[in-house]
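In the numbering used here, the protein residues as written are 142 to 457.
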């Protein structure tokens, strides 16, 4: 196990992870590494609740606003980049602070999960699946996956086209479900690679958490979410892109394509985000064995700075 110092601030969406991490970074002299699967993309600011330059308060943020919406990003890419950044930040005498709610990404980094790297030798089949998604929708591919690998389908969000296609590709190549492969990899995992990591999971009462989510979505729409999605489409970014399948984007695309009203789209975004937050909490409860985990009830504090201060107190 590595003795590399590291602090992780995670939890469900809209629970105040970013301001808490920034406060902690100011106190500890740290740099923040984003463990968010969407904030890496440029031009996607409002729908991802991306931290602004003003909100950063001079704290260096990594893996934020670095890729175009049509560039590839995956858990394997994140894990490799984040592990390198952790070492670089420590070498500068600073504290790496991992901040985000994408549990699969955090898992990959903290347990040093190895991902199978295969040559892209069946581009034709991938293109076939991508074309099918454009013609019949991602739901059709998800239904295909459910027939060959029900467990993978259960754990993969319909909107995550990249993971749906990857699971179908895996079955096509190996004639075996990717869920079995993932289970075998999980069984190999014994202990986290970063033994000194302190992990803080922010949580709160469910009704209050859902209210936070609803208010955040309303603020996103008021701040120009529809205009942001319109600009992405006008710039030529396809609705079939993985980035455009994120919650908040795919629903507004449907509104812009006259498939629903704006009110219906907003309702769907809120419901999808609430379901996502529930899945995040379930993941954090069951996937962090062997880690030094502290749960922080955000309802006990008056504001985000107070949450950050409490985490700082527990870090000392």
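Every residue, glycine too, gets a C-beta built ideally from N, C-alpha and C.
Asked: Assign residue 258 to one of three DSSP states: helix, strand, or coil.; Found: Any reading at residue 258 is ruled out, since the residue's pLDDT is 47, under 50, leaving its predicted position unreliable.
Asked: Taking only the alpha-carbon atoms, compute the straight-line gap between residue 243 and residue 399 and give it to the nearest angstrom.; Found: 31 angstroms
Asked: Would you grab the beta carbon distance between residue 182 and residue 379 for me? Rounded to a whole angstrom, and I think it's under 8 angstroms.; Found: Not a contact, Cβ separation roughly 14 angstroms.
Asked: Is any beta-carbon of chain D found at less than 8 angstroms from that of residue 240?; Found: The displayed structure is made up of one protein chain only, and chain D is not part of it.
Asked: Just to check my reading of the structure: residue 283 and residue 305 have Cβ atoms closer than 8 angstroms, yes? What is that Cβ distance to the nearest angstrom?; Found: 5 angstroms
Asked: Considering only DSSP beta bridges, list what residue 202 is partnered with.; Found: 173
Asked: What do you get for residue 203, buried or exposed, if any count of 16 or more other CB atoms within 10 angstroms of its CB means buried?; Found: buried
Asked: Our contact map puts residue 274 next to residue 209 with C-beta atoms below 8 angstroms; I'd like the distance itself, whole angstroms only.; Found: About 20 angstroms separates the two Cβ atoms, so there is no contact after all.
Asked: Kindly indicate the opening and closing residues of the beta strand (DSSP E) around residue 236.; Found: 236-240
Asked: Around the Cβ of residue 237, are there at least 16 other Cβ atoms within 10 angstroms (buried) or fewer (exposed)?; Found: buried
Asked: With distances taken from CA atoms, which of 316, 286, 291 is nearest residue 303?; Found: 286
Asked: Can you look up residue 208 in the DSSP assignment and give me helix, strand or coil?; Found: strand
Asked: Within the chosen definition, does the segment 347-358 reach the segment 403-416 through at least 3 CB pairs nearer than 8 angstroms?; Found: yes
Asked: Which residues in the same chain as residue 281 place their Cβ atom closer than 7 angstroms to its Cβ, once the five residues preceding and following it in sequence are excluded?; Found: 273
Asked: Apart from the five residues just before and just after residue 349, which ones in its own chain have a Cβ nearer than 7 angstroms to its Cβ?; Found: 440
Asked: Could you check the C-alpha separation between residue 294 and residue 309 for me, to the nearest Å?; Found: 10 angstroms
Asked: Within 10 angstroms of its Cβ, does residue 332 collect 16 or more other Cβ (buried), or is it exposed?; Found: exposed
Asked: What residues are listed by DSSP as bridge partners for residue 436?; Found: 342
Asked: Assuming residue 110 and residue 166 form a contact by the criterion Cβ under 8 angstroms, report the distance between their Cβ atoms to the nearest whole angstrom.; Found: The question about residue 110 has no answer, for the chain in this structure spans 142 to 457.
Asked: Figure out for me which residue from 426, 452, 444 has the closest Cα to the Cα of residue 248.; Found: 426
Asked: Suppose you measure from the CA of residue 296 to the CA of residue 290; what does that come to, to the nearest Å?; Found: 10 angstroms
Asked: Rounded to the nearest angstrom, what separates residue 301 and residue 387 at their Cα positions?; Found: 7 angstroms
Asked: Using CA coordinates, which residue listed in 450, 199, 314 is at the minimum distance from residue 264?; Found: 314
Asked: What residue range does the alpha helix (DSSP H) around residue 371 cover?; Found: 366-375
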